[in-house]
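Taking the numbering used here, the leading residue of the first sequence gets 358, the next gets one more, and so forth. Yeah, the Cβ is synthetic: ideal placement off N, Cα and C, and Gly gets one too. No experiment lies behind these values; they were computed from the predicted model shown. Heads up, the thing below is written out as structure tokens.
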Amino acid sequence: MRYGAPLPSGYIQGVSDEPIAYPARVREVAPRRAVDFDADLNEAQRKAATHPDGPLLIVAGAGTGKTRTLVYRVAHLIERGVRPERILLLTFTRRAAQEMLGRAEKLVGSESRAVHGGTFHGTAHRLIRRFGVEAGLPGDFTILDQGDAEDLMQLSRAACGLADKTKRFPKKETLHHVYSRHVNTEFPVGAILREEYPRFIEFEDDFTRVFADYTARKQSRNLVDYDDLLLYWAMLLETEAARAIGDRIGALYDHILVDEFQDTNVLQARILKGMCRVHRNLTVVGDDAQSIYAFRGATIRNILDFPRDFHGAAVVTLEQNYRSTQPILDASNMLISRAEERFTKELYTTRTGGEKPWLVTAQDESQQTRFVVDRILELHEAGTPLREMAVLFRAGYMSADLEIELTARNIPFEKWGGLKFLEAAHVKDVLAFLRVLENPRDEVSWYRLLQLMPGIGETTARRAIEALADRDWNPEAFAEFVPPPRAKDAHRGLVDLLRALRRADLEGDGGVAKDIVRIRTMYDDILRARYDREEPRLADLDRLQAIADGYGSRTDFLAAISLDPPASSTDLGFGSESEDDVLILSTAHSAKGKEWDAVFVIWAVDGWFPMSRALGDDDQIEEERRLMYVALTRARDHLAVTHPFNVYQSRRGADYSLSQLSRFIDRGVVRTFQQVVLESTERLPEAETPSAATPTVDLRALLRSRFSS
DNA sequence: TTTTGAAGTCTCTCC
DNA sequence: GACTTCAAAA
């Protein structure tokens, strides 16, 4: 059973097939110059970049000039006369797309600006807005992010009568995870349960019921989740009823290039096949050793099966690493050599010299932090800009202590990945108002904003929504809804606010930033009453307002923030800040595709990296290992892996426990590092503690003994 | 019956 | 430190 919306058979033809307009990302016009493929590329890179038409698989190890090769391929295509707007460049993150388009522009000039680039989801969104209505999809849908989708799943769960305290029935997050996996991997629900949640197998029928309700609910409320974006794209291409539309979408592009192919899933592979039904000009680049998105359904089979799926595909392998020094490669190669399955080979470099990476044992978290900060300042004084250094970790919250220290010492930093401010409750609250205006059927947002009102809780909110649904979501139905007496004032206030906002819309006095100002006349008070520390939250809303200012319409704004969320605080529209020399803090995932002169990988502790949740499952441990490999291979000249020895365990009472070094740094890997054990700070006066202290005999012995057991 | 405050329970990666 | 669950108050 599948849960996607079937495409209605009727659709209207018409509207020209001119390419979708993409906003130009770079303003200045770069001069056009002849590209020198011979001088700029090595043989393998050149072979890939100048490959003629037809399917091409580039297997590229870390740092082998993958981006460079793709950019030169784009340049080559343009020189060959392919129209730039007929080239589609699919990447995994928005950052990667921007970087690649920027580099292409430097190479071939402003012409390359017409190249279409973006993430799978972003591109899906544009195509669906453009062609979806013709295929019977709603034109005014709003996009659910993961949190919204989970909330909607909760409503479905309740509608199926599974919300009561039956403790054993899975949480909304689990339900959504299974659903998303089903869509992205096409595994049957039962198989997913058997593999990942054996304890829930008995509920398979209930899962199916909830999913059916969830799917129907999304459709009747004009809601589209991330998975739907891909699903609808695939269906536009594949469904017989949409054949003519699929043909036109397929005819939009002559060449398709895909970055990070190892992180695509079967649904994305189907999309690529569909996009290539007129031509077979598909170039994919990937590295199986860097596959780190299995949790999203990515499968390495896409790379392995590529030559079979696209018969006669050329395969080019890039092995020469231009990024890292040999000692860093030695450590990385050793680490990944432990992987259960490997398909690619050892990386090598012609770069000479370079010191062994450091393996730093700190006494505790605060010493780890001090070491990292001291070392960063040292390198900075020696001439490395802050922006050329990064601290990487497994999960967003692990940098908390470091962030405090950096702030205290006035070192500017920028954080990538982890919790984004758009996911913060108070920001989502304000967005809920906007989304209800945009799509009055947005049940998730109604539910959220109603419960903000004093006196209105779960039950009253649900009743109000029922009243709305009964009247086909006519906005007036809410005004006529009779709330319980205690919520009378709040109801009145909300009705007035929504009316005022709609009126402003009609009178052209809108603008999404103005909307937010109006919403905040009500919401700021609610916020103050709800939270003790209101200042940072109010500041977040100021930032939201500033971002909104850059968008003309509410529709654009809402779509943009679901698909291209500002990833860091400096992305948030305070322009000049992003030019500053700032240190990068990033999750290992968000660091993929980037490189720095100096990289610090902190919390290399078993249970942290790899995370404890992965420990039960061999495949997950392998994915964690590849993730560590990704982290290590980000470094050009300096690499330090740190682990605190004593870890404060807030979970089990207030005491310290001894931590184990990450299992990925086994004895053989340790030999590729130089070990540094930081002295306990109590023993030495601070002035005498060098940032890289001499190892003490005791701790070294302790360290060794752990590897011998 | 519904809301709200307080204690208790986890904590990921991303579009 | 944020979200869920439980018990008391309106």
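Can you tell me which of the three DSSP states threonine 741 falls into? coil
For aspartate 974, does the count of other Cβ atoms within 10 angstroms reach 16, so buried, or fall short, so exposed? exposed
For glutamate 771, three-class secondary structure by DSSP: strand
Close beta carbons around tyrosine 589, own chain, < 6 Å, minus the five adjacent residues each side: Ile485
Considering Cα atoms alone, identify which of Ala844, Leu788, Glu864 is closest to isoleucine 918. Leu788
For serine 943, does the three-state DSSP call read helix, strand or coil? strand
Simplified DSSP assignment, three categories, for valine 1034: strand
Could you give the residue range of the beta strand (DSSP E) that holds threonine 499? 499-501
Taking 8 Å as the threshold, find out whether the segment 668-683 comes into contact with the segment 646-655 through three or more Cβ pairs. no
Buried versus exposed call for lysine 785 [16 or more other C-beta atoms within 10 Å across all chains shown]: buried
Taking C-alpha atoms, which residue in Val987, Val1004, Gln977, Ser513 lies nearest to threonine 1068? Because residue 1068 is not part of the residues shown, which for the chain are 358 to 1066, the question remains open.
Would you kindly check if the distance between the Cβ of valine 962 and the Cβ of valine 1004 is under 8 Å? yes
What are the partner residues of tyrosine 705, as DSSP defines its beta bridges? Gln677
Roughly how many angstroms lie between the CA atoms of leucine 614 and isoleucine 883, to the nearest whole one? 48 Å
Does the structure place the segment 936-955 close enough to the segment 984-999 that three or more beta carbon pairs sit under 8 Å? yes
In whole angstroms, what separates the C-alpha of leucine 929 from that of histidine 539? The predicted position of leucine 929 is uncertain, since its pLDDT is 40 and thus under 50; no value can be drawn from it.
Spatial neighbours of glutamate 595 in its chain, beta-carbon cut-off 8 Å, leaving aside the 5 residues before and after: Gly603, Arg627, Gly631
Kindly indicate which three-state DSSP category tryptophan 690 falls into: helix, strand or coil? The question names tryptophan, but residue 690 is asparagine in the sequence shown. The answer is helix: DSSP assigns asparagine 690 an H, G or I state.
Through-space distance from arginine 991 to aspartate 616, alpha-carbon basis: 17 Å
Rounded to whole angstroms, what is the Cα-Cα separation between tryptophan 965 and valine 958? 12 Å
Among all the DSSP beta bridges, which residues are the ones paired with alanine 992? Trp953
Mind checking lysine 575: buried by the 16 CB within 10 Å criterion, or exposed? buried
To the nearest angstrom, how far is it from the Cα of aspartate 502 to the Cα of glutamate 780? 9 Å
Does DSSP put methionine 632 in a helix, in a strand, or in coil? helix
For glycine 489 and valine 874, I'd like the C-alpha separation in whole angstroms. 33 Å
Following the continuous alpha helix (DSSP H) through glycine 547, name the residue where it begins and the one where it ends. 546-553
Taking C-alpha atoms, which residue in Ala903, Glu745, Asn796, Val431 lies nearest to valine 939? Glu745
Short check: CB of glutamate 543 to CB of valine 641, under 8 Å? no
Take lysine 871 as the anchor and find which of Val852, Phe790, Val801 has the nearest alpha-carbon. Phe790
Residues near histidine 478 in its chain [Cβ-Cβ closer than 8 Å; skip 5 each side]: Tyr583, Leu586, Leu587, Leu920
Three-state secondary structure (DSSP) of valine 958: strand
Exposed unless 16 or more other CB atoms sit within 10 angstroms - verdict on glycine 711: buried
Under 8 Å, with one C-beta from each stretch per pair, do the segment 547-554 and the segment 497-513 reach the 3-pair mark? no
With C-beta atoms as the reference, is tyrosine 1000 less than 8 Å away from tryptophan 953? The identity of residue 1000 in the sequence shown is histidine, whereas the question assumes tyrosine. Not in contact: histidine 1000 and tryptophan 953 (Cβ atoms no closer than 8 Å).
For the candidate residues His636, Leu692, Arg634, whose alpha-carbon lies nearest to that of alanine 646? Leu692
Looking only at its own chain, which residues have a Cβ that is under 7 Å from the Cβ of phenylalanine 449, when we skip the five neighbours before and after it? Thr476, Asp616, Glu617, Asp620
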